Every structure is written in C-alpha cells, then in structure tokens.
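*Asks:* Chains as they are written, first to last, in the numbering used here: chain Z, 479 to 1302; chain B, 98 to 220. Idealized CB from N, CA, C, for every residue including glycine. Computed from a predicted model, the values in this text were never measured in an experiment.
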Amino acid sequence: VRDFHIQDPQSLVDAEVKVGGVCGTTFNQRRQFVGLRLFVAHLDDVHVLRPPAADPFSLPVQPLTSVLQFNPNGLARHRIAVLGTITYYLHGHVLYIQDGENGVYVNTDQTTPAAPGDEVQVVGFSAVGGYSPILESAIFRVVAHHAPLEPVVVNPAKVITTDADGFKSAPYDGRLIKVRGTLIEKLRGADGQVLLLLGDKTAFRARLVGTEEQDPLASIENQSVVEVTGVCSVRSDVYHEPRTFELQMRSPSDVVVLRKAPFWNLRRSLSLLAIVFPFALAAVIWIALLRRQASMQTAVIQKNMERIQHSDEHLRMILSNVKDYAIFALDPQGNVTSWNEGAQRIMGYTPEEIIGRHYSCIFAPEDVASGQPLRHLNEAETHGSVETEGWRLRKDGSYYWANAITTALRDPSGGLRGFVRITRDLTERRKAEDAVAQAQKEQLKIKDQVLAHVSHELRTPVAAITWFTGNLQEGLLGPLTAEQLDHLEGIERNAAQLGKMVEDILNSSRVEEGKLSVEAHATNVGHLIEEILASCAASAKAKSISTHCEFPSDLPMAWADPQRTGQVIINLVNNAIKFTPEHGSVVVTAHPDEHAPEMLRIMVKDTGPGISAADQERVFSRLVQLGGTDDSGRKGLGLGLFISREFVVRQGGTISIESELGQGAAFSFTVPIASLQRVVAELLAASELAEVGLIFVDLLGADDVVEKNLLLTEIQRVIEECVRSGQDALLPGPSNSFFILTGGDQSAVDAMCLRIQQELELNSVLMDAGVDAKIATQRIAVGPVSNRDERVNRITAEVHDRVYLHSQGMEREKDGEKDIAGRR
Amino acid sequence: MAKKILLVDDDVDLLKGISLALRSAGYEVVIAEDSITAVSVAVKEKPDLAVLDLGLPGGDGFVLMSRLRNLPDLASKPIIVVSARPAIPTRDEATKGGALAFFQKPVDRQKFMAVVRLALAGK
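#1: For a cutoff of 7 Å on Cβ pairs, would you count Z:T1220 as touching chain B?
#2: Where Z:N585 and Z:V601 are concerned, what is the direct C-alpha to C-alpha distance, given to the nearest angstrom?
#3: By Cβ distance below 7 Å, which residues in the same chain neighbour Z:E614 in space, the five residues on each side in sequence not counted?
#4: Hey, quick one: how far does the beta strand (DSSP E) through Z:R872 stretch, first residue to last?
#5: With three or more C-beta pairs closer than 8 Å as the rule, is the stretch 503-520 of chain Z touching the stretch 575-583 of chain Z?
#6: Return helix, strand or coil for B:G114, following the three-state DSSP convention.
#7: Using a Cβ cut-off of 7 Å (strictly closer), state whether Z:S995 contacts chain B.
#8: My assumption, with CB atoms under 8 Å, is that B:V213 sits in contact with B:L146. Please give the rounded CB distance.
#9: Which residue spans inside the stretch 140-179 of chain B form an unbroken alpha helix (DSSP H) run of at least 4?
#10: List the residues of chain B whose Cβ lies closer than 8 Å to the Cβ of Z:V940, in chain order.
#11: Could you tell me whether the Cβ atoms of Z:R683 and Z:E724 are closer together than 7 Å?
#12: For B:L161, would you say it is in contact with chain Z, using Cβ-to-Cβ distances shorter than 7 Å as the test?
#13: To which residues of the same chain is Z:R988 closer than 6 Å at the C-beta, ignoring the five residues directly before and after it?
#14: Scan the stretch 773-830 of chain Z and note each continuous alpha helix (DSSP H) run of 4 residues or more that stays entirely inside, going in chain order.
#15: Among Z:I1234, Z:D669, Z:I612, Z:A1226, whose alpha-carbon lies nearest the alpha-carbon of Z:Q1194?
#16: Measure the alpha-carbon distance for Z:G774 versus Z:A766 and round it to whole angstroms.
#17: Starting from Z:P1070, follow its DSSP beta bridges and name the residues at the other end.
#18: Can you name the residues that DSSP bridges to Z:C1027?
#19: Whole alpha helix (DSSP H) runs in the stretch 605-660 of chain Z with 4 or more residues, listed along the chain?
#20: Using 7 Å as the limit for Cβ to Cβ distance, is B:R206 near chain C?
#21: In the structure shown, what three-state DSSP assignment does Z:D1228 receive?
#22: For a cutoff of 7 Å on Cβ pairs, would you count Z:T944 as touching chain B?
#23: Within the continuous beta strand (DSSP E) that includes Z:V687, where are the two ends?
#24: Confirm, please, whether the CB-CB distance from B:R164 to B:V136 is below 7 Å.
#25: Look up B:L217 in the DSSP assignment and say whether it is helix, strand or coil.
#26: Assuming contact is defined by CB atoms lying nearer than 7 Å, are B:D95 and B:P169 in contact in what I supplied?
#27: Could you round the C-beta distance between Z:T660 and Z:G677 to whole angstroms and report it? I think they count as a contact, below 8 Å.
#28: Work out the CA separation of B:L215 and Z:G1300 for me, nearest whole Å.
#29: For the ligand MG, is there a heavy atom less than 6 Å away from the beta-carbon of Z:P851?
#30: Could one say the Cβ of Z:L963 lies closer than 7 Å to chain B's Cβ atoms, at least one of them?
#31: So, with DSSP's three-state summary, where would you put Z:V940?
#32: Jot down the residue ranges of each uninterrupted beta strand (DSSP E) in the stretch 491-559 of chain Z, minimum 3 residues, whole runs only, in chain order.
#33: Provide the residue span of the alpha helix (DSSP H) that contains B:E125, from first to last.
#34: Since Z:C1014 is in the alpha helix (DSSP H), which residue starts that stretch and which ends it?
#35: Helix, strand or coil for Z:P694 per DSSP?
#36: Return no unless some Cβ of chain B is closer than 7 Å to the Cβ of Z:G968.
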C-alpha cells in the first residue's frame, strides 16, 4: 500500500480483508521470476470483511511443539498463542520460553517487566529460525510468577547429536542448559561479550548481552575450566542440519570457574618473552659467533686428537699384540725409547735393560765396527725407510737372521723425531734357505762331476773314431774304393756330430751354472769366418748349397773370445745349411753395426723356409727345435742357439733374427770392436797411470794359413803371459802386428820388451818355425792430464800415429821386395 | 834319423789311431798306457817330443809332465797335451806346466799334425 497511514496497524492483525490492486511480477537481478506483488493504490482499497478479535490473547493456546507443525486445516504463518516459562528475557528484544522439554525463541518489542521463571502467554507469528521455528512480532502477558527453572546439565558434545542413520538433531535448542568447557578466548562484540569455549572436543560460544559493566568477565582467564549456564541456540548450515550452538547467558554469574587457568599461560609467557627476547637475541648472536669460532677450532683440535688417539691406539694395539715382530722406537741418535714384547722375545733384552741404551748392541761387533747401525739410520732418514737383512746378536750372544725395516719418524714440521724399527726373526727361514741352497749346490756339484765324467768318457771314444777314420781316409792302411771312402765320410760326419753334441751339453750345463767363461782378445773375425766356411764346405757341397762371405778388407778387430765367437758362427752356419734346401745359398757378412758404431755385426743369411714370428721368440730357448732336419734326418739337441746367445751376451753383444716365412732367415749378432779407445779406457780405469809406454810387436809369419794362425796364436799367447792383467793391454795392430800398452816409465817399457823377446826366443815352436819377431819399442809419455777422457784421446791419437808410421814402413819393405816368408 | 815321439794315453784305441798317423808321417812312435811306464819308456827311448793325456793311471798327466821335465834328456823337449778335460782352465794349466800346446779331444787332426811338425822342425 503506497500510502499506509493507519493509527494502530496492530488493529488489523487477524482481521479478514479484501484487497484490490494491480498485480505485478517480481524479478531478481538475473531477470528470473521470483514472485508476485500486489500494488494497492490506497488504503481505502483494503476492506475489512471481519474485524479481528478484540483481545489477541483470546486465541486458543496451542502446545509449543505445534509451532510450524504441518496442519492441512490451519493457516500457515498465522498468529498463534503458546504458553511457557521464561528462561531468558532481553527487554524489548528477545524472550526465550520453555515448556517441558521444548523451548522457543520469541522476538518481541514489548518491554513489560518480567523475569525468568514467570509463566507467560505469548501470541506471535511462527517463522523459520536458526534451527527450530521461532515466533516473531510477538506480544506476551505474564500469567503467573515462579522461581527460575533449573538448567539441564549437558555434555557439549551431546548438544548436537547424530543418530545411527547419520541424521543430526539438536534436542536442546531453546532450552536452558548448563555445559562445561575450557575458555579459549574472550571476544568483545558490539552488543556484549562472547566466550569461545571448548568442551569434550566441541567448540561453542557463550554470549552475554546487555550488561552495564565494561568487562564483566575480566576475572576469568583463558584456559580456565568453567561451567556456563544459558539458553541453547542452535545454528544450522545450508542444508538445515544443526552445526553449532551458542549459549545466551543471562548474567555474568552464569559463568562459574571450576579450575583457574595455569599461571603460565600464553599471554604471560609472551610478555615475559617480549622482555627477555632482545637480551636473549643479543646473547644468542654473541654465543653463535663465539660458538662458530670455537667450533672451528674444536673441530681442528678434535680431528687432531682423534687422529692422534687413533694412531696412538693403533700403535699401542700393534705393539702390545705383536709377539712375532720386534718393534722398538729410537730417538734421533739411535737410543732405544720403547721396546715391545716381540723385541724382548727375539733379542732377549727386557725393556728395563735396553731403554736408554744405543741400539747398536743388537748388532754383531764387526757390523758395529763397520758403522752399520748408523748407516741404517742415515738411510732411513734420507729415504724415509730402509729394509735390511743380516745376522744380528741376541743378548745371550747367539745370532739370528733378522729382516728389519727402519722408518724415520717426523713431526709435522718435518723435523726428525726418531725411528721405528720392526724386526722379524727369519733364522728358521734362513736356515732352510741355506740348507736348500747347500743341497742345490751339492746337486749341481754332483751334476757337474757326472757331466765332466761323461764328457771325458764320450770325448775319448769320439777321438778314437776320428783318428781311425782319418787314418783310413788318408790311405795309411792301403787304397780304398769310392764306396768305402763314402762310408768313412759318414762315420767321420757322425763322429763330428756326436762330438758337437757333447760340447753343447757341456756348455749348456755351464750356462746353467753360470760358469761359462769368455776370454776377450783382439780377434780377426774375417779370418774366423773364412776358416769356418772352409770347414763347412763339405756339408754345404753335399746339398749343393753355395756359401760365401762378405766383409770389408779393413774390418776392425773384434774384442771377443775367438773360440766362443767361432762356435756361434759355426752354429749359425750349420743351422743355415741344415734348413736351406738344395741349391740354396748361405752368406756370412761382417761389418761395423749401423746403429752401434762400436760394435761389429756378423750376419748369417740363408734361403731356407724362414721362421715364423712366434717361433722367433722361442728359438733361443733351451731344447727348442724347429721342424728342419739335417741330411741324416736327425734333429740334434736343440742347444745350439741357446748356447750361442749365451756366448754373445757374455761378450757384450746381442743376437737377433730377421725372417719371414718363405723368405729365408737372417741371424745376426754383435761383438764389440777392439777399439783403441775401449782398451785404453779400460786400462786407465784399472790403474791410475801417469805414464804409458807403447810397445810395438811386428810379426812375420808363414804362407800356410793354418800355420800362420797357429803362430799368431802362439805369439799372442806368449805375449799375454808377459803382460800384467789390469796394468797392460794387448792391442791388435795392422797386418800381423801387436801393440802393448804398458804402464810405467821408459825402464818399465824396456823391461817388458826384454821379457817378451826372451820368451819368444825361448819358445821352441816359434824358434823352429823360424819366426822373426821384430820387437820395436816406442815410448809414449803422457803427462799429468787429470781428465781421463782427455788422456784416452791423447794415447789413442799417439797409437794411431805409430800405426800410420808402421804401415808406411811396411810399404817400404814391400817395395824392397823382401821375401818375408822365404826366411822360414 | 826319424824324430821319436812318446805317446801316452790310457785309451788303447786312441793310441793305435794316433800312432799310425804319426808313423805314416815319418815319425818313430813309442807308446805308454800309464804314467809309470811312460817315465821308463822316456828314459830308455829319449824321445824328441812327448804327447800326453792328462787322466792317466799311475799319476796325473801334470805329475808326469814334471817328472819328464826333471829327466836330463827330456828337460828341454817339447810337450803337447791332449785331454778330454775342458779347455778352460786346462789349457792355461798345461801351458804353465810347460806344455807347448794343448788339444782338447776330439783332436783336430790337421792342427795336431801341424803343431807336431812345428814342434819337431829344425832339430
């Protein structure tokens, strides 16, 4: 109604009216149709058909439970009357009434004096409340006065209950109840004070409205356990399910403290903390800084301590547990500072006896005299540690074989702190080793004796066969047929083979014993090769193999054992002939080595099947034989190359193979060149000579190669007897001449010449052969030259000059057509 | 007059073989199979050259050598040693003992005959 001016609007309540007006629709913001509206132009359009009853309280009283109960005959939202007892009254605002187990919220403007406990008749419009229905715009009148109702004590968790089907209900809504809980927080609202409480895990609020006092509940502290009385007001969620409840308290006395909050509540703690905090913070920072510093230092100290402790414990453990090892410590001078049980056991001294004494008492007197104890310490100091073995002295005077490791101990700055010596008693092992070595020695001796005997026994019959054969071949017992000679040649060849095998066995056993000896002389390798090829001519011819040698006419002399070197060449040549098929060739060459100018390289090259790389590696091993056979089908012993290598190595050379399968094989070995430098250097190294004399021996021999070589060998032998080993040296000169380098002055040189001359003259072989041994003596005095290399060079240069002069003289002699050989 | 050679060896076959060769070369050969016999033969025959084995019954070859050297007729006569013993050190021992040459068995026939020829040459 647009113009609603009416004196008492209440007078129309409950009246039956007829309203005329224009009907309109109501839309919400989204233009959705939400309802109808009747626009009435004037109050006159509202016609009262039947006026309301004069006394509203004349309405029939209904039970509280009927509020909003569905009734098909009743009028919804119509004014109803109920009867109940006041449980809460806020003048001009709210009234809670209760009838038995039901309570209802009543909204009223009425300010009629009334107090809880009064029985009132309430007339109002029922409406939907927070959970239970309420009465709005109600009026009431007091019917009777009673004492206030006693609250029902309820567990807060039971205010809202859930039944078996999960349906929630709040049976205490609108009723006066008393619940227990802990005060969590006090909140100050616009219309009063609200307490936030927690009871039996259920949170709820209690509200006190309309009190005069500023803070009526000030005395109650948080965390206090309280009992609160008030009217229960339940709120429901959007699904109209009860969710929370609130107690409307009537006065501050509705809160009863059951147990006070503990003194140290959060607030006090916080305030105390607020005072203490700045100090604490400062202190904490200061401490943190200190701690950081300290912890760094502590870590270092701890680490060191741990390390020290660890190593200390470790060492102690070793020291205490070890009985098989003598472990003792020495100070830098060698005095004993600690002595373990093992040391006592092995050496016999107790710690009391030896600590403080010098450790040289554990050495044999002769070792102490030679300075061994200090030498061990010095070596340990220089190299960190030193391992030594030797016979050491026990306290009781007996000896034991000790293996000792002496280690220098240093402090972190590197200074010597002392030594630790760990000793093992290896006497038993040493004895066993000695026994084994002795047994081996005995065995070798027996083997040696057996071999010597066997060799003797074998050599003699071979010699006899050779002589008989030779006698027959030379026709000493009458002429022989070709066939007989052929057979004799077979006998001779086999005897020679047998003889060679005997030599091989002997030599290889000498190699095993380390007894193989070589005697180096100035050796003419060219002659040697020629001789060997001559001796092998028969076996080469039998297979139609051509043999020849190549070497320069000025091939230097070798510094080698002629017999051993010859054996090597024979072995290589025999092998070459053995493996080369018929009509092949064997070439022996000798020349200064390309890679090592102080060596001669002698090579034996064949046109045989060659040797595979795998076989090349093992061909020098003992008893290794390759597939080839000699003309008799025999294999031989497989010792030749093994012995050959040994001979070569002993003379300071190397032996090697160059071969490819199907391409033939080239065996070569090296021997040192008998250079002046080499000999002079060796001579000077052996003796510190201030002066050196040079003696020149010129020989004039026979035509016969065999005899000439025999003479040369014989003369060389005589001269070798005269020269003093280590002080003099025999050098090859040009064309059958020698040089003797001798230490000393002119008189020493003269004495040497005289002696050689006498020896040569007294030698019947040479005398009978009519050898004219010219002995020319030349003295080369070498002044005090300190540098050895310089002296070597100077002497060498002098000798070269003499050789040149000599060769000039030879030329002159030849020019004079002096028949040297003819003097024989 | 043919040169006389004393040949001493305990191996009868070798004696036989070598003596034939030497005789064929024009020398007169007297033989002995042991040291004791050798000395008496030497005294009786006064050989110009002695060819001795070392391993001999009745005394080692070196002993025989010194005995021969002590005989007035043989003191300056050459001696050649023929032995199955290893060349080192026997060769040195033999030459120090006064032998002109040393031959290891089996003996090289050519060289042996050459040395014999040299040893007896000119006298």
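*Replies:* To lay it out plainly:
#1: no
#2: 11 Å
#3: N585, G602, F603, A605
#4: No beta strand (DSSP E) contains Z:R872, which DSSP labels as neither H nor E.
#5: no
#6: helix
#7: yes
#8: 7 Å
#9: 158-167
#10: K202, P203
#11: yes
#12: no
#13: L994
#14: 819-825
#15: Z:I1234
#16: As written in the sequence, residue 774 of chain Z is Met, which differs from the Gly given in the question. Computed Cα separation, rounded: 12 Å.
#17: Z:L1078
#18: Z:V1066
#19: 634-637
#20: Although the question refers to chain C, the structure presented lacks it and instead comprises the protein chains Z and B.
#21: helix
#22: yes
#23: 680-687
#24: yes
#25: helix
#26: Residue 95 of chain B cannot be examined here, being either before or after the span of chain B that is shown, 98 to 220.
#27: 7 Å
#28: Low confidence applies to Z:G1300: its pLDDT is 33, below 50, so where it sits in the model is not reliable enough to give any reading.
#29: Within the structure as shown, the ligand MG is missing, as the structure has no ligands at all.
#30: no
#31: helix
#32: 494-497, 500-505, 511-517, 524-528
#33: Taken as a continuous stretch (DSSP letters only), B:E125 belongs to no alpha helix (DSSP H), being part of the beta strand (DSSP E) at 125-129.
#34: 1003-1020
#35: coil
#36: no
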